Amino acid sequence: MSGADWTAVIPVKSLSAAKSRLRGAVADARHEDLALAMVRDTVAAVHACAAVGDVLVVTDDPAAVAAVTALGARAVPDRPAAGLNAAMRFGADVVAGLGRRRAVLTGDLPALRPAELGAALAAAGPGRSFVADAAGTGTVLLTAAAGTALDPRFGVGSAAAHAASRARPLAGTWPGLRHDVDTAEDLRTVLALGAGEHTCGLLRDLGLIAECGLSGVPGGPAR
Numbered sequence: 020m021s022g023a024d025w026t027a028v029i030p031v032k033s034l035s036a037a038k039s040r041l042r043g044a045v046a047d048a049r050h051e052d053l054a055l056a057m058v059r060d061t062v063a064a065v066h067a068c069a070a071v072g073d074v075l076v077v078t079d080d081p082a083a084v085a086a087v088t089a090l091g092a093r094a095v096p097d098r099p100a101a102g103l104n105a106a107m108r109f110g111a112d113v114v115a116g117l118g119r120r121r122a123v124l125t126g127d128l129p130a131l132r133p134a135e136l137g138a139a140l141a142a143a144g145p146g147r148s149f150v151a152d153a154a155g156t157g158t159v160l161l162t163a164a165a166g167t168a169l170d171p172r173f174g175v176g177s178a179a180a181h182a183a184s185r186a187r188p189l190a191g192t193w194p195g196l197r198h199d200v201d202t203a204e205d206l207r208t209v210l211a212l213g214a215g216e217h218t219c220g221l222l223r224d225l226g227l228i229a230e231c232g233l234s235g236v237p238g239g240p241a242r
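Have a look at this one:
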């Protein structure tokens, strides 16, 4: 199969509850803005990928709905309201449907490049495939071929869980795809890689960076 025949599904939780480990990277009053900026950069990169014909965001957050629809994505409410994996299954297997090739991504990939996602989707074979995060323990992308249920296993140790469920690991480098953001250190890493305009713009407005590159983003609270 070729062309823009993938449906990408991105779950976004309530911004007030998002990215708790990232608190302290910016002023607390702007934390939700930072979470939303990363979602916007992720959605923009996915929407620009030539292999993706439809971007579906599963969320109940009104600000996220407005932001992603302005970028050309579809937003649907999280009807299961039962956590990340349930939202992914709902978006991929119910809303998009098993007749499509589907890919689910996390919404915190502000350095993602459309070509990286395209290369990962091109490498995905029959059945299910996944891309582990830079640490090798988490998952940033899970794909399912037409006719195959998604069966997501996101959470602690998800890379091993996906491998154990017979999803095939994809081995490309793809730094913008593999680097999600959970902590202030992760944020500094994606800024060095070159984060998208929404994340960079917010941090410039806050006076934390002059441009994308190694920055003065604070270290956040001790963990």
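Going left to right, the sequence shown walks through residues 20 to 242 as this note's numbering numbers them.
Beta carbons are placed, not taken as given, at the ideal position from N, Cα and C, and that holds for glycine.
Source: prediction; values computed, not measured.
- Per DSSP, reduced to three states, the secondary structure at residue 149 is strand.
- Taken in chain order, the whole beta strand (DSSP E) runs of length 3 or more contained in the region 84 to 165 are 93 to 95, 120 to 124, 147 to 151, 158 to 163.
- Within the same chain, Cβ atoms closer than 8 Å to the Cβ of residue 197 are found at 150, 151, 152, 153, 159, the five residues on either side in sequence being excluded.
- According to DSSP, residue pairing for residue 76 in a beta bridge involves 29, 94.
- Partner residues in the beta bridge of residue 188, as assigned by DSSP, are 149.
- For residue 229, there are no CB contacts under 6 Å within the same chain when 5 residues up- and downstream are skipped.
- When DSSP states are grouped into helix, strand and coil, residue 65 belongs to the helix group.
- For residue 71, the beta-bridge partners assigned by DSSP are 25.
- Excluding sequence positions up to five before and after residue 33, its CB lies within less than 7 Å of the CB of 79, 80, all in the same chain and listed in chain order.
- Burial check for residue 127: the Cβ neighbour count within 10 Å reaches 16 or more, so the residue is buried.
- In the three-state reduction of the DSSP assignment, residue 168 falls in the coil class.
- Our two residues, residue 200 and residue 206, have alpha carbons roughly 6 Å apart in a direct line.
- Residues 28, 121, 123, 163, 169 of the same chain have their beta carbon placed closer than 7 Å to that of residue 111, with the five preceding and five following residues left out of the count.
- Exclusion of the five residues before and after residue 52 leaves 221 as the residues of its chain whose Cβ lies within less than 7 Å of its Cβ.
- The residue from 23, 55, 24 with its alpha-carbon nearest to that of residue 38 is 55.
- Residue burial is scored here from C-beta neighbours: residue 58 has at least 16 other C-beta atoms within 10 angstroms and is therefore classed as buried.
- Just so you know, the alpha carbons of residue 23 and residue 172 end up roughly 26 Å apart.
- Closest in alpha carbon position to residue 156, among 166, 176, 148, 146, is 176.
- Taking residue 65 as reference, the option from 84, 137, 141 with the minimal CA-CA separation is 137.
- Within the same chain, 159, 199 come within 7 Å of residue 125 by CB-CB distance, once the 5 residues on both sides are set aside.
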